[in-house]
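So the structure is just underneath, and the comments pick up after that.
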Amino acid sequence: MRPRGRPFPRVQATALLTAAVALAVLSPIGILLYQSLLTAPFFAPTKRLALEAYRYIFQDPYFFEALKNSFLIGLGMVGVAVPLGSLFAFLVVKTDLPFARLFELLLLAPIFISAIILGIGFIVAFGPAGFVSSLVEGLFGQVPWSIYTLPAIAIIAGLTHVPYVYLYVASTIQNVDASLEEAARVAGARPFQVAVGVTLPLVRPALIYSAILMLLLGFELFGLPLVLGDAKGIMVVTTYLYRITAITGSSAYHLMAAVSMAIVFIALSLVVLQRYLLGRMEGRYVAIGTRGYRTERLSLGRLRWVWATLLALYLLVAVVLPVLGVVFRSLVVSWGPGVELREVLTLAHYGEIFKLPNLSRAVTNTLLVSAFGGVLALGLYLLVALGIQRGQGWGRILDYLSGIPRAVPGLVMGLAFLWLFLFVKPLSPIRGTLLSLILAYTVVWMPYGVRLLTAALLQVGREMEEADPIGHPHHRIG
Numbered sequence: 001m002r003p004r005g006r007p008f009p010r011v012q013a014t015a016l017l018t019a020a021v022a023l024a025v026l027s028p029i030g031i032l033l034y035q036s037l038l039t040a041p042f043f044a045p046t047k048r049l050a051l052e053a054y055r056y057i058f059q060d061p062y063f064f065e066a067l068k069n070s071f072l073i074g075l076g077m078v079g080v081a082v083p084l085g086s087l088f089a090f091l092v093v094k095t096d097l098p099f100a101r102l103f104e105l106l107l108l109a110p111i112f113i114s115a116i117i118l119g120i121g122f123i124v125a126f127g128p129a130g131f132v133s134s135l136v137e138g139l140f141g142q143v144p145w146s147i148y149t150l151p152a153i154a155i156i157a158g159l160t161h162v163p164y165v166y167l168y169v170a171s172t173i174q175n176v177d178a179s180l181e182e183a184a185r186v187a188g189a190r191p192f193q194v195a196v197g198v199t200l201p202l203v204r205p206a207l208i209y210s211a212i213l214m215l216l217l218g219f220e221l222f223g224l225p226l227v228l229g230d231a232k233g234i235m236v237v238t239t240y241l242y243r244i245t246a247i248t249g250s251s252a253y254h255l256m257a258a259v260s261m262a263i264v265f266i267a268l269s270l271v272v273l274q275r276y277l278l279g280r281m282e283g284r285y286v287a288i289g290t291r292g293y294r295t296e297r298l299s300l301g302r303l304r305w306v307w308a309t310l311l312a313l314y315l316l317v318a319v320v321l322p323v324l325g326v327v328f329r330s331l332v333v334s335w336g337p338g339v340e341l342r343e344v345l346t347l348a349h350y351g352e353i354f355k356l357p358n359l360s361r362a363v364t365n366t367l368l369v370s371a372f373g374g375v376l377a378l379g380l381y382l383l384v385a386l387g388i389q390r391g392q393g394w395g396r397i398l399d400y401l402s403g404i405p406r407a408v409p410g411l412v413m414g415l416a417f418l419w420l421f422l423f424v425k426p427l428s429p430i431r432g433t434l435l436s437l438i439l440a441y442t443v444v445w446m447p448y449g450v451r452l453l454t455a456a457l458l459q460v461g462r463e464m465e466e467a468d469p470i471g472h473p474h475h476r477i478g
């Protein structure tokens, strides 16, 4: 027989994982904190310790206006993305919705499209001179909306973030035992009653994860507010940072860092709230135990095509029309009222793109980062999710740590990693390499992956792990 080595202590493994995540997450946060306490960029010889950066932003009314707008956009994203994402997840995963497989693929499209590109698409489609707006104005005499308002930005942001909620909720719904829903159907419940009375309580942890994450993303959102709100003076915390940088350049690093630390404090508060709510639910929403589960689709009856039409309408508004807008804008020299389409059509833009010398290199690098980085990140996220659910005290710390990166605006987190790679000597060899991008992306996207996996693991009963043979303690996870 093969001799068994001494199993690695479970607590020690979780502690090492926590230390590694803390180093990856807190290093850029630490350099931001240090920079926020200086009067100049930390590499400037005239720097000194002071609270001038915090004093400046807390006395600036524009900062509080931007903070309020970010919070309102976050609330709007919760109000739009969570209900729609949850509904679509239930329809696609648990019902006999027509074209469910196709909808499952199309619902993920906004994740792979840049927010700035979608913003431009919404302008071309739904802006004052957009082709949808022109059609509506021709039919009804006026356009009943304006996309250059705070409510419109919140709604559009919510629509474009529906896929994130869909992913979290769908992964949880897939693990709900169909026998629970079948029992409700036998008792005479309709599909809607089954969804509200059986499925909804079981996916409540995923809903809380999604709602908190949408609030966090409200503070991180940059592309849509920049494209849709900047011209009208609608400022959020990320565009506030962008404006500071544009006006003062590198001399504003301490102000950017101070604003980022304020956002981190808000994020930590939300993560604490999230942990408190989910801590009260642990054990109450276990749907997978030692008896296993099976899946069975509920019949929507005559409403099948009604729900399919609703989902198709969402895809039309949130994906198809904006993408068509971008494609259309790429084929014309200019566009606006009174412009004759035949006179402005051109393919010259595409000819110029394919003449760019670095295009193939950029595509290759993108594929390498997404392929290898995705595999490495998935492995790390799974370990972190297991540590959160099975690590007891260390799991709580892991949960807090993994929720921090997404609260820091991407442009600021990128700057923090740049500083790390530039000025921390052990990391300087990977500066300018694809590995540096993989590390940065893995940390920035950690809340997405960890929350998705944790919401699913929350439903796995602990008795499944306890059922592992006593003679193989090294097989246990966590």
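One point on numbering: in UniProt numbering, the residue at position 157 of the sequence shown is 157, and numbering is uninterrupted.
Ideal placement from N, C-alpha and C gives every residue a C-beta, glycine not left out.
_Is residue 154 a contact residue of the ligand FMN, with contact defined as CB to any heavy atom under 6 Å?_
Among the ligands in the structure shown, none appear at all, so the ligand FMN cannot be discussed.
_Through-space distance from residue 437 to residue 422, alpha-carbon basis_ = 14 Å
*So what does residue 38 bridge to, in DSSP terms?*
49
*asked:* Assuming residue 123 and residue 147 are in contact, meaning their beta carbons sit under 8 Å apart, how far apart are those beta carbons, in whole angstroms?
replied: 7 Å
*In chain order, what residues of the same chain lie with their CB nearer than 7 Å to the CB of residue 291, ignoring the 5 residues before and after it?*
Residue placement at residue 291 is flagged as unreliable, the pLDDT there being 47, under the threshold of 50; the coordinate-derived value follows with that caveat. For residue 291, where only same-chain residues beyond five positions count, there are no Cβ hits under 7 Å.
*With a Cβ-Cβ cutoff of 7 Å, do residue 380 and residue 167 count as a contact?*
no
*Relative to the alpha-carbon of residue 272, which residue among 400, 300, 235 has its alpha-carbon at the smallest distance?*
400
*Can you tell me where the alpha helix (DSSP H) with residue 352 in it begins and where it stops?*
348 to 353
_Rounded to whole angstroms, what is the Cα-Cα separation between residue 238 and residue 408?_
9 Å
*For the segment 290 to 334, which segments carrying the alpha helix (DSSP H) assignment without a break, of at least 4 residues, lie completely within its bounds, in sequence order?*
304 to 315, 321 to 330
*Can you check whether the CB of residue 172 is closer than 7 Å to the CB of residue 203?*
yes
_If you reduce the DSSP assignment to three classes, tell me which class residue 95 lands in._
strand
*Run of the alpha helix (DSSP H) containing residue 148, from where it starts to where it stops*: Run containing residue 148: none; DSSP gives neither H nor E here.
_Separation of residue 432 from residue 333, as counted between CA atoms_ = 36 Å
*Closest to residue 55 by CA distance: which of 262, 111, 41, 107 is it?*
262
*Which residues does DSSP pair with residue 200 in a beta bridge?*
Paired residue(s): none; residue 200 is not in a bridge.
_If I follow the unbroken alpha helix (DSSP H) through residue 235, where does it start and stop?_
Here residue 235 belongs to no alpha helix (DSSP H), and DSSP marks it neither H nor E.
*asked:* For residue 244, which residues in the same chain have their Cβ closer than 7 Å to its Cβ, ignoring the five residues on either side in sequence?
replied: 252, 255, 256
*Determine the closest residue to residue 91 out of 140, 299, 434, 12, with distance taken between C-alpha atoms.*
299
*Counting Cβ pairs, one atom from each stretch, are 3 or more of them under 8 Å apart for the segment 129 to 144 and the segment 227 to 238?*
no
*Hey, residue 74 and residue 215: beta-carbon distance below 7 Å or not?*
yes
*Are residue 223 and residue 116 touching if we call contact CB-CB under 7 Å?*
yes
*With distances taken Cα to Cα, identify the nearest neighbour of residue 227 among 174, 331, 446, 149.*
149
_How far does the alpha helix (DSSP H) with residue 133 in it extend, from its first residue to its last?_
131 to 140
*Hey, is the segment 134 to 142 in contact with the segment 347 to 358, meaning 3+ C-beta pairs nearer than 8 Å?*
no
*Between the CA atoms of residue 71 and residue 377 - distance to the nearest angstrom*: 29 Å
*Exposed or buried, what is residue 406 when buried is set at 16 or more other beta-carbons lying within 10 Å of its beta-carbon?*
buried
*Quick one: what's residue 345 bridged to in DSSP?*
332
*Classification of residue 442 by the beta-carbon crowding that lies within 10 angstroms, buried from 16 upward*: buried
_Going by DSSP, what residue range makes up the alpha helix (DSSP H) through residue 126?_
115 to 126
*For residue 493, I'd like the list of residues in its chain whose CB is within less than 6 Å of its CB, leaving aside the five on either flank, ordered along the chain.*
In this structure the chain extends from 1 to 478, so residue 493 is not present and cannot be described.
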